[in-house]
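Novice: The structure's right below; bear with me while I get my questions together.
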Amino acid sequence: MPQPFRFLNFFLRFNLRHARGQWARTLAVLLGVAVGAAVFSGVRLAIDASSRNLTQGMDLIAGNADFVVTGQGGLVPARITAELLTDPAVHAAVPVLERILAVAHQPEVTIRLRGTDLILEDRLRRGGHAPLDISFAVLTDLLIQPRSLLLGQGAAERLGLSAGDTVTLIGPSGPQAFEIADLLPPRGLGRVEDGFIAVADIAAVQEFLAGDSRDLADGGVADRIDLRLSPGMNDLDREAVLARLSPKLPAQTSLAPADQRRESGMMLLSAYHESLTLISFVSLFVGMFLIYSLVSLNAAARRGEVAVLRALGGPRWLPLGLFLGEGALLAVLGLLAALPLALVFTPRAANLINRTIDDLFLRLPSQTLHLAPWEIGLTIGVTLIVAVLAALHPAWEAARASPREALAMLADTSSHGQNRRITFSGICCLLGAIPLFLLPAALNSLWPAYCGVFLLFVGSALQTPWVLAAAARAMERTTGLRPALFGPGVKLACRSLRRAGPRTSIAVGALITALALYVALSVMIHSFRTTFLVWVENTVSGDVFVTPANAEANEYRDAISQSAQDWILAQTAAQGGQVLPYRRAYLEGDGYPYQFETMDMSAFSTLGSFLFKHGDPGSALPAAAQGQGVIVSETWAVRRSVGIGDRFQAVIEGIRLDTPVVGIVRDYRTRGGVIYHDWDAFIALGGNPRWEGVRIYFPEADNPQAAAARFRAALAAHPAGQGLDVTTGVDLRNLVTDIFTQTFGITALLMGVALLVAGVGVATTLAVRVLERRKELNTLRALGGSRGQIRALIFWEAGIIGLVGAVLGLACGLILSVVFIEVINKQGFGWTFVFSVNWRELGLALPGLLAAALAAAVPATVLALRDPPAEALKER
Amino acid sequence: MPWMVFLLGLLLLGGTTFSAQAGKEGQSRFPTITGPCDFVFPDAHGAHPDHRIEWWYYTGNLRTPQGRPFGFQLTFFRSRMHAPGTVTTHGEQRSTWRTAQLHPAHFAISDLESETFHYEKRTVRAAVNLAGVSRQGDDVLVHQGGWSTVIGPDQHAIQAATVDLGLDLRLIPKKPVAIQGNGGYSRKGSRPESASCYYSFTRLAADGTVRVGDQTFPVTGEAWMDHEYASNLLEEGLVGWDWFSVQLDDGWDLMAFRLRPDEQRARLGQGGWAGGGLIDPQGRVTPLEPEDLRFTPGRTWTSPRSKATYPLWWEIAVPKVELSLTISPRMLAQELVSEPGSGGVTYWEGAVEVRGARSGEAVSGHGYAELTGYAGPVPLGPGSAE
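Each protein sequence line maps, in turn, to chains A and C.
Under our numbering, the first sequence has 47 at position 47, and the numbering climbs by one with no breaks.
Under our numbering, the second sequence has 70 at position 70, and the numbering climbs by one with no breaks.
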């Protein structure tokens, strides 16, 4: 038989026979590996899905567009399409007007209505990856029939509609029925929003969205104009065309590459994706630790067999291969077990992540999961590599020991010199983490911070030997004052731990890591929740919020109609309330999107408040109210390294702003951050005074919530309320809170898994220690040591390990929480929280951890007392 | 030439149910042409927006001072998508993008020396200054994007440009405007209402530039301009047409066309139509009836792109004036291909050489030919629009 097959045959008999006797522990490890692999692949697929959905979705929407003309503040005069088309290099210029609209009687269904010049759109998309794919006959039908559209098949199936039916969409002025001229094929543009898209002529959409005739004058407005240059132009030619076109554009517009919006979206998501990637790797390393523990235990338990193999002439590589193979086999079996888990977990993870991105960052144009074969290969490959690496240390130790050493069953110990080296390495890791925590702001990436976190964990774990030794000494001294009370077990446990080697340090390190993660995440979540709730109550103040329907999804491009404004003013005045109208523009700058909001800053300072991070509210608010500065959100400022006194410069609706930053405030409305400018000051500069949203306050009401509910009901029942979203402040604040709570769903899972794994690690380490010290323990029994004293010894070891892990874990966790708040969250989302510790929650956790450590000692005690002493002391 | 536009207009509208119904039921809502057109210039150079289809059509043969030959075609179309008075909007709101008119335009250059053919087709709506026809004093401006013709009392200025092509010509009429048919009333079939209003400038002296790629060439030559409009659909059973404009060196010009019936009708000797006009050096027009013309197609060429087979060599005779001409292409591949579903027509339109005799005297010249319906039946009539 060829050698590989002989090895395989021997391997299966050597390992499977043993595994049968350890089936419970083996199954636990397989489950851990399966969960790790499922989480790894699931999270990665979800990341890939969100990136792909963003990229493909935006590409489908943009078609073959090379450039896009946008208006600062969202709208572009559509008439400039003609000017652009006079340039010979412009192959197509397409005005685009899009809205996310609800369907009448189906409030949970929204459709992206896209209005364009369909003839020009066909020209722009023809020959590309997302053609319009409708016949010219259908196209001209849409031009002729004023209230007709093409409906995507996804929406048609959902609503049970077909060509010839009507679909009623809710616009800013109310519902409007459209005839479905035909269905969009499920390719190209028809794939956007998973088919929840409708395409109509720009004239029809302009008429549908117009507030009054002024909105239609002189070509009306568009959201943007997509440009496609003549094919085959090189970059220099394109630059020349841009230089030629830009001066022709009106002052309130700008020309940019079509993929800029996608790129800025990807930049906004990059930190979030990095965090998710880290979570996916952490889940794998959890499995790695379980494999390490099990292989260590097996290697220790089977030292005798290994010694016999070596004594009979087996080469060193044989035990190495056997235990590496065991690690690999665990990985393979774990991957197989991961398949059904992945089928359940992956869609849920993708859904959660896509929803989080949708809520916190930007709207994803489609929500489809794609399983790429290379992702499967990556999961398999990484899992196998991690498993083999995890098994390497115990396999190497088993291979390294001579037969005599193996038979001697030397325990895991370390020398003083070795401990010094370990401690020094740990200090270097801790010191090395510091500059890494300072790097992210400069490099615009979270990976240095994550590397710093890893060094923090490693450095803390590497302090274990001396801390364990010191704790053991202290414990020995303390308990030595009342030896009769504590018994001999504690002294023996302390002496044993003072000599503990690397394997024990690794187990404690796992405990430190788990507890540190738990503490850090607990502090972070508590800090966030505390700060966030204060922000919601103060900055998101208001008893009623009124906006055009789906305003956020439509980037506040529509206004509240004049009739609705009049009704709101009259009703609010009648109830002694106050209105605070606002406008919101979605802009891009420095590669990131952000929002520009105008409202009466003076009124807001009495009706609500900002949470200032930097700047003096006493001077900043009056300055902002007079238009002598802007107040910016922390997110916006962090991404651009802007401080108090720095200038905010932008052109919005043709108005050139150059004003100082007078305040930086905490703000958890994401999507890139917010600039707050005074309403009157902006109108004085030429801004449009239209209401794009309004907050209503009832400060004099006995029961503001009841007043808000009545107002909401009255507006919803009135014709003026058609096409509006009306939300009470309580509902809005609850919704916002729920959104942020769900973002911590995955972190909560991680915390639980980490603690579980740490407990398994402690249990395994204690069991290994028992195996390595069987001769010592059974000698004690032979000399008269009772079973209780042996148990006490093991429990004291577990207790001291648990205590050291808890102390170091707590310290590491508090440091880590600062890193999470001030570095990772800051870089990832751009915001920080007020540091706040829930000592009660932590105080409850620590005893629980100690109890878990003690519980983890139970299997070790069973193992220690399993065999009669005489049997255990036999020379093998 | 008018045929191409006439049927192009039908193709633009032909597939729509709405226009098909208009064709069946609403034809009476488009104005019909049943007699002389009473042209009044310069007004007549402008648009006739109530009619279904209209075009301003320029072709010509040019050469550089060194003798490098080019052919060109620049055509501005207007097609009305529905009969006047049928548009509705959302209540009182009406977008300025809403229009009944589409403006396709075709632009082609035949580089006869390098035997390369370049063309561009585009369509926009007549709204928001994307395209349109307007008066500027005595001038009529027809434009589509950056392409335009300005028809003045003494000259036409035409220009068009893409990244790869450019044309900028001043065209000075060497003859007065030629009113085709009976006072412009040009029959296209056996029914009186199967007709268009049609006039031509059959001989325009061209001077300007042609650009191909990065090279710009000064050119001179002779051009031909047609302006035609109509509303009524062609009669059933027609599959295409062949149209010729000829400028003879002795100053005579000939416009001749024939509409081809389908095979079945052709076998039975039914359907089809022909007509034309003979213009003397002073610009006097002699209308030609179907019986006045003889068309004999000769050798063919098969397009490698569309796989259509076009008869590019022709014999055309006008027996009553003892005129017989042999038409041959100056270049084979002068085909404008339209993608399926784009609403366009694939046809051959290109520069031709002419040789022959009139009353025993040898004649020669050049011109343009337009051949349609060879890349598949051209949808015609109300039946085919469904």
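Glycine residues also receive a C-beta, built at the ideal position from the N, C-alpha and C atoms.
1) What's the C-alpha gap between E236/C and S196/C?
2) Is there a Cβ from chain C that is less than 8 Å from the Cβ of Q206/A?
3) Once the 5 residues before and after V834/A are set aside, which same chain residues still bring their CB inside 7 Å of it?
4) Would a check of beta-carbon distances place I144/A closer than 8 Å to chain B?
5) Assign F795/A to buried or exposed, taking buried as 16 or more other Cβ atoms, counted over all protein chains shown, within 10 Å of its Cβ.
6) From the beta carbon of S95/C, is the nearest beta carbon of chain A less than 8 Å away?
7) For R125/C, decide whether its Cβ has a neighbour in chain A, counting only Cβ atoms nearer than 8 Å.
8) Among F67/A, A62/A, V199/A, whose alpha-carbon lies nearest the alpha-carbon of I111/A?
9) Any C-beta of chain A sitting closer than 8 Å to the C-beta of E25/C?
10) Please go through the same chain and pick out, in chain order, the residues whose beta-carbon is closer than 6 Å to the beta-carbon of L846/A, but skip the five residues on each side of it.
11) Short check: CB of S110/C to CB of F70/C, under 8 Å?
12) With a threshold of 8 Å on Cβ separation, who are the neighbours of N91/A within its own chain once the five nearest residues in sequence on each side are excluded?
13) With distances taken Cα to Cα, identify the nearest neighbour of F740/A among V39/A, M524/A, V76/A.
14) Can you tell me whether M331/C is helix, strand or coil according to DSSP?
15) Helix, strand or coil for G36/A? Go by DSSP, reduced to three states.
16) Using 8 Å as the cut-off, can you tell me whether the segment 261-281 of chain C makes contact with the segment 183-199 of chain C, which would need three or more C-beta pairs spanning the two stretches below that distance?
17) Let me see if you follow: with CB-CB separation under 8 Å, is T116/A close to chain C or not?
18) For I683/A, which residues in the same chain have their Cβ closer than 6 Å to its Cβ, ignoring the five residues on either side in sequence?
19) In terms of DSSP beta bridges, what is R211/C paired with?
20) For E305/A, which residues of its own chain have a beta-carbon under 7 Å away from its beta-carbon, when the five flanking residues on both sides are left out?
21) What are the start and end residues of the beta strand (DSSP E) that includes F72/C?
22) Checking contacts by CB at 8 Å: is M81/C closer than that to chain A?
23) Are the CB atoms of H718/A and I664/A nearer to each other than 8 Å?
24) Check whether chain C comes within 8 Å of R126/A, counting only Cβ atoms and requiring the distance to be less than that.
25) Is it true that the CB of L492/A sits closer than 8 Å to the CB of A890/A?
26) For R79/A, go through chain C and note every residue whose CB falls closer than 9 Å to its CB, in chain order.
27) What are the start and end residues of the alpha helix (DSSP H) that includes G489/A?
28) Evaluate P548/A with the Cβ neighbour count: other Cβ atoms within 10 Å of its Cβ, from every protein chain shown; 16 or more gives buried, anything less gives exposed.
29) Taking T887/A as the reference, which of W839/A, R495/A, W466/A has the closest Cα?
30) If we ignore side chains and look at the alpha-carbon of each, how far apart do A301/A and T764/A end up?
31) What residues in its chain sit with their C-beta under 7 Å from that of L255/A, if we drop five residues either side in the sequence?
32) Taking any Cβ of chain A, which residues in the segment 157-189 of chain C have a Cβ under 7 Å from it, in chain order?
33) Does E193/C come within less than 8 Å of chain A when only Cβ atoms are used?
34) If distances are taken between C-alpha atoms only, which option among A333/C, W56/C, H45/C, R52/C comes closest to T309/C?
35) Closer than 7 Å by beta-carbon distance: list the chain C residues that pair up with A240/A, in chain order.
36) Between W145/C and chain A, is any beta-carbon pair separated by less than 8 Å?
Specialist: Reading off the structure:
1) Position 236 of the second sequence, counted from the start, is the residue given in the question as residue 236/C. Position 196 of the second sequence, counted from the start, is the residue given in the question as residue 196/C. Rounded to the nearest angstrom, the two C-alpha atoms are 17 Å apart.
2) Sequence index remark: in the first sequence, residue 206/A carries index 206 (1-based). At least one chain C Cβ lies under 8 Å of Q206/A.
3) Within the first sequence, numbered from 1, the residue matching residue 834/A stands at position 834. For V834/A, where only same-chain residues beyond five positions count, the Cβ hits under 7 Å are S527, T530, T531.
4) No chain B appears in this structure, whose protein chains are A and C.
5) Translated into the one-based positions of the first sequence, residue 795/A becomes position 795. With 16 or more other Cβ atoms within 10 Å, it is buried.
6) Locating residue 95/C in the second sequence gives position 95, where the first residue counts as 1. At least one chain A Cβ lies under 8 Å of S95/C.
7) As a first step, residue 125/C must be located in the second sequence, where it is residue number 125. R125/C counts as touching chain A.
8) Counted from its first residue, the first sequence places residue 111/A at position 111. Closest by alpha carbon: V199/A.
9) Looking up residue 25/C in the second sequence gives position 25. The predicted position of E25/C is uncertain, since its pLDDT is 40 and thus under 50; no value can be drawn from it.
10) Residue numbering aside, residue 846/A sits at position 846 when the first sequence is read from its first letter. Excluding sequence neighbours, L846/A sits near A806.
11) To locate residue 110/C, count along the second sequence from 1; it is residue 110. To locate residue 70/C, count along the second sequence from 1; it is residue 70. Yes, Cβ-Cβ distance for S110/C and F70/C is below 8 Å.
12) Position 91 of the first sequence, counted from the start, is the residue given in the question as residue 91/A. Strictly speaking, residue 91/A in this sequence is His, with Asn absent from that position. Excluding positions up to five away in sequence, the list reads R123, L124, R228, L229, S230, P231.
13) Here residue 740/A is taken as the residue at index 740 of the first sequence, counted from 1. If we check each option's Cα against that of F740/A, M524/A comes out closest.
14) Indexing the second sequence from 1 puts residue 331/C at position 331. M331/C falls in the coil class under three-state DSSP.
15) Numbered from 1 along the first sequence, position 36 holds the residue referred to as residue 36/A. G36/A falls in the helix class under three-state DSSP.
16) yes
17) For the purposes of this step, residue 116/A is identified with residue 116 of the first sequence, where counting begins at 1. Chain C, which has no Cβ nearer than 8 Å to the Cβ of T116/A, makes this no.
18) For the purposes of this step, residue 683/A is identified with residue 683 of the first sequence, where counting begins at 1. Within the same chain, I683/A has close Cβ partners P689.
19) Here residue 211/C refers to the residue found at position 211 when the second sequence is read from its first residue. DSSP lists G166/C, T216/C as partners of R211/C.
20) As a first step, residue 305/A must be located in the first sequence, where it is residue number 305. Cβ within range, chain order: n/a, list empty.
21) Position 72 of the second sequence holds residue 72/C. F72/C -> beta strand (DSSP E) spans 69-80.
22) Translated into the one-based positions of the second sequence, residue 81/C becomes position 81. For M81/C, the answer is yes, since a Cβ of chain A falls inside 8 Å of its Cβ.
23) Here residue 718/A is taken as the residue at index 718 of the first sequence, counted from 1. Here residue 664/A is taken as the residue at index 664 of the first sequence, counted from 1. The answer is no: Cβ separation not under 8 Å.
24) By 1-based counting over the first sequence, the position of residue 126/A is 126. Yes, R126/A lies at the interface with chain C (some Cβ there is under 8 Å from its Cβ).
25) Outside the shown range of chain A, which is 1 to 876, sits residue 890/A, and nothing can be said about it.
26) Counting from one through the first sequence, the residue named residue 79/A turns up at place 79. What R79/A touches in chain C: T96, V128, N129.
27) Here residue 489/A is taken as the residue at index 489 of the first sequence, counted from 1. Run containing G489/A: 488-498, per the alpha helix (DSSP H) assignment.
28) In the first sequence, residue 548/A corresponds to position 548, counting from 1. Under this definition P548/A is a buried residue.
29) This structure does not reach residue 887/A, given that chain A is present from 1 up to 876, and the question cannot be answered.
30) Taking the first residue of the first sequence as 1, we reach residue 301/A at position 301. Taking the first residue of the first sequence as 1, we reach residue 764/A at position 764. So the two alpha carbons sit approximately 11 Å from each other.
31) Taking the first sequence and counting its residues from 1, the one referred to as residue 255/A is at position 255. Hits under 7 Å: F67, V69, L242, L245, S246, L249.
32) A161, T162, V163
33) Numbered from 1 along the second sequence, position 193 holds the residue referred to as residue 193/C. No, because no Cβ of chain A sits closer than 8 Å to the Cβ of E193/C.
34) Working through the second sequence from its first residue, we reach residue 309/C at position 309. The candidate whose alpha carbon is nearest that of T309/C is A333/C.
35) Counting from one through the first sequence, the residue named residue 240/A turns up at place 240. The premise fails here: A240/A is roughly 11 Å from chain C at the closest Cβ pair, so nothing lies under 7 Å.
36) Taking the first residue of the second sequence as 1, we reach residue 145/C at position 145. It should be pointed out that residue 145/C corresponds to Gly in this sequence rather than to Trp. So, interface residue.
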